[in-house]
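**Student:** Just dropping this structure here.
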Amino acid sequence: NNGEAIIYLEPIFKETIENTDEYLVQLTPIDEVNGLRVAERTKDFFVVKELNNGNSNARFMWQVSAHRRGYDNIRLEQV
1062 NNGEAIIYLE PIFKETIENT DEYLVQLTPI DEVNGLRVAE RTKDFFVVKE
1112 LNNGNSNARF MWQVSAHRRG YDNIRLEQV
């Protein structure tokens, strides 16, 4: 709303990832918008803002990815 959105991470998701402050957020605008950025990222939520001080109510999709807890240093076997 008005160029800003706060997205809270699900508690169960936070339990399954390593380093809860080191996750990747991907944003895909649905409506016309000046562009989007992740303005803040914490262990509990992230903030999305519209670029150039935009204040639209544009819709967007988001996806969060992170390393799975307990598997951070595991790699596939070389064949």
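Numbering-wise, this note's numbering puts 1062 at position 1 of the sequence shown, and it's gapless, one number per residue. C-beta: ideal position from N, C-alpha, C; glycine also. Owing to the predicted nature of the structure, the values given are computational and were not obtained by experimental measurement.
Is the beta carbon of residue 1041 sitting closer than 8 Å to the one on residue 1129?
**Tutor:** Here the chain covers residues 1062 to 1140 and nothing more, so residue 1041 does not appear.
**Student:** Buried or exposed: residue 1097, going by 16 or more other Cβ atoms within 10 Å of its Cβ?
**Tutor:** Mapped onto the sequence shown, residue 1097 falls at position 36. With 16 or more other Cβ atoms within 10 Å, it is buried.
**Student:** Whose CA, out of 1134, 1136, 1125, lies closest to the CA of residue 1071?
**Tutor:** As a first step, residue 1071 must be located in the sequence shown, where it is residue number 10. Here the closest residue by C-alpha is 1125.
**Student:** Which term fits residue 1107, buried or exposed, when burial requires 16 or more other beta carbons within 10 angstroms of its beta carbon?
**Tutor:** Start at 1 with the first residue of the sequence shown, and residue 1107 comes out as number 46. With 16 or more Cβ atoms within 10 Å of its Cβ, residue 1107 is classed as buried.
**Student:** Under a Cβ-count criterion, where at least 16 other Cβ atoms within 10 Å of its own Cβ denotes burial, should residue 1100 be classed as buried or exposed?
**Tutor:** Start at 1 with the first residue of the sequence shown, and residue 1100 comes out as number 39. So residue 1100 counts as exposed.
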